Amino acid sequence: MTPMNTQKLMNLIGLAQRASRLIVGETQVLTVVRSQQAKLVILAADAGAATAKRITDKCAFYQIPLTQALTSTELTTALGRPRKIVAVMDAGFARSMEALM
1 MTPMNTQKLM NLIGLAQRAS RLIVGETQVL TVVRSQQAKL VILAADAGAA TAKRITDKCA
61 FYQIPLTQAL TSTELTTALG RPRKIVAVMD AGFARSMEAL M
């Protein structure tokens with residue numbers, strides 16, 4: 001992913017957060033994945049192995065797209081608080097983000 005696309009993705013994540021279209025945190029993300037409301041899950045590339053396996057398995061089972069395009073530092077910068085996983089709840093935001101990856 002190019003640095004320009006990384007910055008655009010981070011900007012879209014920030015915009016989605018301000019629009020209340022993001023769910024953050026592992027427990028809440030797993031809840032919306034199980035209910036199949038999430039349109040895209042973004043997991044930090046440097047997340048722990050157990051967390052990554054749990055999220056990857058749930059997303060695969062429920063057929064929710066998953067990406068590890070950003071690091072936790074980049075997600076923290078985009079959100080303004082330390083997070084390693086977010087779920088995008090809006091289909092339009094999810095399509096735009098997937099187009100950048």
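Residue numbers (this note's numbering): 1 to 101.
From the three backbone atoms N, C-alpha and C, an ideal C-beta is built for every residue, glycine too.
Remember, predicted model here, so these are calculated numbers, not experimental data.
Here ARG34 is exposed, its C-beta having fewer than 16 other C-beta atoms within 10 Å. Residue state for THR73 is assigned as helix, using DSSP reduced to three classes. For ILE64, there is no enclosing beta strand (DSSP E), since its DSSP letter is neither H nor E. Rounded to the nearest angstrom, the gap between the Cα atoms of ALA38 and SER96 is 15 Å. In the three-state DSSP reduction, ALA87 falls in the strand class (E or B).
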